[in-house]
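Residue numbers (our numbering): 2 to 145.
In C-alpha cells, the structure reads:
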C-alpha cells in the first residue's frame, strides 16, 4: 500500500469517492470529515509498537469472550447479539473505535428492546435433544 494513494486512481477516473471517504460519509453522514485512524493506528499513536500488539490482543480476547459467553448461552437474544456483533468486530479492525463502539451499542439496545417486547424464552437442553432427534429421523427418511 502506498501511503496517501488510496482512492487517487478512482478520483482520476472520475468514478467517485475513495473507499475511506465513502465509509466515513456512509457511517457518519455528509457533514463528517476525515477518516480517523484504524484501531492498530490508535494503539501505535498512544503506546507505540507495543500498543498495537496490546490493543489487538485485547480485541481478540474480547471477541473470544463474547463468542464463548454467547455460544454457551441458550438464549435467542444472546445468539442475536453475537450474530450481529460478529460483523462489527470484523469491520472494526480496519476502522477506528467509533465504528466499533457505536454500532455495538446499537446492537445491545436493539436486542434489549426485542427482549422487552417479545419476552424471554430460554431453550431447554431437552428441546435441543428433541430437535437433533427429529433432524436424525428426517435424514433417515422416517416421517416426523
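Don't be surprised by glycine CBs; every beta carbon is placed ideally from N, CA and C.
Measure from the alpha carbon of residue 1 to the alpha carbon of each residue in 76, 83 and 79, then state which is nearest.
-> Outside the displayed range of the chain (2 to 145) lies residue 1, so it cannot be described from this structure.
Between residue 92 and the rest of its own chain, which residues show a CB-CB distance below 6 Å, the 5 nearest in sequence each way excluded?
-> Position 91 of the chain shown, counting from 1, holds the residue named residue 92. No residues qualify anywhere along the chain.
Any idea what DSSP makes of residue 104, helix, strand or coil?
-> Locating residue 104 in the chain shown gives position 103, where the first residue counts as 1. Looking at residue 104 - three-state DSSP - the assignment turns out to be helix.
Could you have a look at residue 111 and say whether DSSP puts it in helix, strand or coil?
-> Within the chain shown, numbered from 1, the residue matching residue 111 stands at position 110. Of the three classes helix, strand and coil, the one that applies to residue 111 here is helix, per DSSP.
Going by other Cβ atoms of all chains shown within 10 Å of its Cβ, with 16 needed for buried, is residue 56 buried or exposed?
-> Against the chain shown, residue 56 aligns to sequence position 55. With 16 or more Cβ atoms within 10 Å of its Cβ, residue 56 is classed as buried.
Terminal residues of the alpha helix (DSSP H) in which residue 73 lies | The residue you call residue 73 lines up with position 72 of the chain shown. Counting along the chain, the unbroken alpha helix (DSSP H) around residue 73 starts and ends at 50–73.
Taking all protein chains shown into account, do 16 or more other C-beta atoms lie within 10 angstroms of the C-beta of residue 86, making it buried, or fewer, making it exposed?
-> The residue you call residue 86 lines up with position 85 of the chain shown. Of the residues assessed, residue 86 falls on the buried side of the cut-off, its CB having 16 or more other CB atoms within 10 angstroms.
Count the other C-beta atoms from every protein chain shown that fall within 10 angstroms of the C-beta of residue 112, then say buried if there are 16 or more, exposed otherwise.
-> Start at 1 with the first residue of the chain shown, and residue 112 comes out as number 111. Residue 112 should be labelled buried.
Alpha carbon to alpha carbon, how far is residue 71 from residue 30? Give it in angstroms, no decimals.
-> Here residue 30 is taken as the residue at index 29 of the chain shown, counted from 1. Here residue 71 is taken as the residue at index 70 of the chain shown, counted from 1. Going from the Cα of residue 30 to the Cα of residue 71 covers about 32 Å.
How many angstroms separate the CA atom of residue 114 from the CA atom of residue 66?
-> Mapped onto the chain shown, residue 114 falls at position 113. Mapped onto the chain shown, residue 66 falls at position 65. Cα atoms of residue 114 and residue 66: separation of roughly 23 Å, rounded to the nearest angstrom.
For residue 118, the nearest candidate out of 51, 78 and 103 (CA to CA) | Looking up residue 118 in the chain shown gives position 117. Ranking the options by Cα distance to residue 118, first place goes to 78.
Rounded distance between the beta-carbons of residue 89 and residue 60, thought under 8 Å | Numbered from its first residue, the chain shown carries residue 60 at position 59. Numbered from its first residue, the chain shown carries residue 89 at position 88. Approximately 11 Å separates the beta-carbon atoms of residue 60 and residue 89; this is outside 8 Å, ruling out the contact.
Reduced DSSP secondary structure (H/G/I, E/B, other) of residue 30 | Start at 1 with the first residue of the chain shown, and residue 30 comes out as number 29. For residue 30, the secondary structure class from DSSP, reduced to helix, strand or coil, is coil.
Which of the three DSSP states, helix, strand or coil, is assigned to residue 42?
-> Mapped onto the chain shown, residue 42 falls at position 41. Helix.
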